[in-house]
């Protein structure tokens, strides 16, 4: 059996969620989503399908020519199917916080800021929340600051929103009707009991819960022999750490 | 007569007044680091940084050096090298005011100025705490009968005009037209600034307007108030299409700047080189 890195397993989980997309965009500080997007693009090519990928921090893998605002205009026009967002904190109602902890006006620990989340979360149909650390301090009952809300009132223009949340231990689906997460898959070293213990919010558990799927040899080969070099163009530190390229 | 003003770097640095609202380009659009170094040496004070839409080492250095009173941004970060430590500490201690925003809002506020209209609408954002804490933003009901949705609340953002903008470009032609390539957000920044100064790697003895390809990727000299030739002017940041970032240097900075003492030691050597 091939020894698999944790990051490679996560890349593969994300890739499984992207197979039906036409255009995937990847924002700041997202090497794992970036690798997953390029991976499904390469896999689609083998099946004679076309997936476009825009990596914002890349010159080579970037479809935009009209400046940094084009990402937001393109998303608002409905031309991006999937985008990834993270968070210092994510809560059970899928609110995300990228700003910091503590009360806002007397912030305790300041993080970079909200980036484009406050628009992208509203207009991209499939938002995948991705946060590697799965702990009560990242997955909280209620975020300290709402960079972007998980859902909105009926009269607000909102074709987009959260669909999945992936951590290094679990994959959840967001149920828009019930406004809560549902546990779909867990890492093979994990138990549902432990996930409950490490999650600061309440969630449902799917009847058909499974382990995270292990990528086959073909996928791992593409990832290591091709995608790794592509990633090194825009996330050199990451590519060096994971694949030594 | 030459069609543009060529300035020395000290002359250019002196164009920035204390208290200015200054445009700050993102790490992918040509960060004027050598200019920033000279500005810090000059001891500029109370700058208000307007980031389109984020800043990295440039903003963090200016903040750590005590040059900044206020910053409007969607993010301040050292990217792969983690949090921007001087920024984080300055916000936590209340030393600087942060006007938290989101990328498309920072673009839209300048686009309003480009068109010389008083505000620009933007979808999304409503219901976030970003909106909650921005007293200068307003939500109205969509007043249009034939476009958008009936009864739809929509966010309005004020037009923002910058006092001054400085960015670093790969090259300039003999008439002072600036090559910006696909970094068209620089055009947005330029159109929304009262004064624009450019540092560049080189001045070429050609006219970009002689060729459709180069004409389409340049910014006309009509918007530019002065140009200074500064080689390697974005280091340690990247200059897209010319050179990549010096990741070893940015990493070194990210480690040193974790404490004010470490930052001060780093800056002492950085400013003296």
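Protein chains in written order, with this note's numbering: chain W, 1 to 245; chain H, 246 to 518. In this text, a Cβ means the ideal position worked out from N, Cα and C, and glycines have one as well.
Closest by CA to residue i, which one among the options?
| i | options | result |
| --- | --- | --- |
| residue 467/H | 378/H, 391/H, 443/H | 443/H |
| residue 463/H | 500/H, 421/H, 490/H, 495/H | 421/H |
| residue 117/W | 166/W, 28/W, 20/W | 28/W |
| residue 100/W | 160/W, 122/W, 138/W | 138/W |
| residue 212/W | 30/W, 190/W, 233/W, 163/W | 190/W |
| residue 327/H | 515/H, 496/H, 480/H | 496/H |
| residue 40/W | 223/W, 245/W, 229/W | 223/W |
| residue 11/W | 215/W, 230/W, 245/W | 215/W |
| residue 36/W | 166/W, 193/W, 183/W | 166/W |
| residue 419/H | 384/H, 279/H, 449/H | 449/H |
| residue 20/W | 3/W, 80/W, 75/W, 7/W | 80/W |
| residue 23/W | 38/W, 32/W, 31/W | 38/W |
| residue 323/H | 304/H, 315/H, 256/H, 311/H | 304/H |
| residue 94/W | 440/H, 414/H, 373/H | 373/H |
| residue 315/H | 434/H, 290/H, 352/H, 478/H | 290/H |
| residue 488/H | 271/H, 465/H, 446/H | 446/H |
| residue 486/H | 513/H, 367/H, 428/H, 434/H | 428/H |
| residue 494/H | 505/H, 511/H, 506/H | 511/H |
| residue 365/H | 377/H, 371/H, 382/H, 375/H | 382/H |
Here's the rule I'm using: 16 or more other beta-carbon atoms within 10 Å means buried, otherwise exposed. How should residue i be labelled?
| i | result |
| --- | --- |
| residue 178/W | exposed |
| residue 454/H | exposed |
| residue 430/H | buried |
| residue 277/H | buried |
| residue 498/H | buried |
| residue 218/W | exposed |
| residue 389/H | exposed |
| residue 410/H | buried |
| residue 216/H | The structure shown does not extend to residue 216/H, since chain H is modelled only from 246 through 518, so no value can be given for it. |
| residue 245/W | exposed |
| residue 67/W | buried |
| residue 65/W | exposed |
| residue 71/W | buried |
Round the Cβ separation of residue i and residue j to the nearest angstrom and send it over; I've been treating them as touching at under 8 Å.
| i | j | result |
| --- | --- | --- |
| residue 83/W | residue 127/W | 6 Å |
| residue 149/W | residue 125/W | 17 Å between Cβ atoms; not a contact. |
| residue 502/H | residue 309/H | 6 Å |
| residue 144/W | residue 97/W | 6 Å |
| residue 183/W | residue 203/W | 6 Å |
| residue 437/H | residue 317/H | Not quite, the Cβ-Cβ distance comes to about 13 Å (not below 8 Å), so this is no contact. |
| residue 433/H | residue 352/H | 6 Å |
Segment contact flag, the region 127-143 of chain W with the region 84-93 of chain W, C-beta cutoff 8 Å, min 3 pairs: yes
Residues in the region 136-168 of chain W having any Cβ partner in chain H nearer than 7 Å: Cβ contacts with chain H: 145, 146, 147, 148, 149, 152, 155, 156, 157.
Three-pair Cβ contact test at 8 Å for the region 106-113 of chain W versus the region 169-189 of chain W: no
Positions along the region 363-374 of chain H whose CB lies within less than 8 Å of some CB in chain W: 367, 368, 369, 370, 371, 372, 373, 374
Where the region 343-358 of chain H meets chain W: residues whose CB sits under 7 Å from a CB there: 345, 347, 348, 349, 352
Chain W contacts from the region 420-439 of chain H (Cβ-Cβ distance under 8 Å): 427, 428, 429, 430, 431, 432, 433
Segment contact flag, the region 40-59 of chain W with the region 334-347 of chain H, C-beta cutoff 8 Å, min 3 pairs: no
Contact set between the region 42-67 of chain W and chain H, restricted to residues whose Cβ is under 9 Å from the partner: 56, 57, 59, 62, 64, 65, 66, 67
Members of the region 271-295 of chain H near chain W, C-beta cut-off 9 Å: 271, 272, 273, 274
Cβ-based contacts, 7 Å cut-off: residues of the region 66-90 of chain W near chain H: Answer in chain order: 66, 67, 68, 69, 72, 76.
Given 8 Å, three or more beta-carbon pairs between the region 473-488 of chain H and the region 250-262 of chain H: yes
Cβ contact check for the region 55-64 of chain W and the region 340-359 of chain H: 3 or more pairs under 8 Å: no
contact_flag[the region 270-284 of chain H, the region 478-494 of chain H] where n(CB pairs < 8 Å) is 3 or more: yes
Where the region 463-481 of chain H meets chain W: residues whose CB sits under 9 Å from a CB there: none
The region 346-354 of chain H in contact with the region 397-414 of chain H per 3-pair CB rule at 8 Å: yes
Residues of the region 222-237 of chain W with Cβ closer than 9 Å to any Cβ of chain H, in chain order: 235, 236, 237
Inter-stretch contact at 8 Å, needing at least 3 Cβ pairs: the region 255-263 of chain H / the region 231-239 of chain W: Contact between the region 255-263 of chain H and the region 231-239 of chain W is absent, because fewer than three Cβ pairs lie under 8 Å.
Members of the region 306-323 of chain H that neighbour chain W once the beta carbon cut-off is set at 7 Å: 318, 319, 320, 321, 322
Contact residues within the region 109-123 of chain W, judged by C-beta distance below 9 Å to chain H: 109, 110, 111, 112, 113, 114, 115, 116, 117, 118, 119, 120, 121, 122, 123
Proximal residues, the region 325-344 of chain H versus chain W, C-beta separation under 9 Å: Here the close residues are 325, 326, 328, 329, 332, 333, 334, 335, 336, 337, 339, 343.
Contact set between the region 385-397 of chain H and chain W, restricted to residues whose Cβ is under 7 Å from the partner: 394, 396, 397
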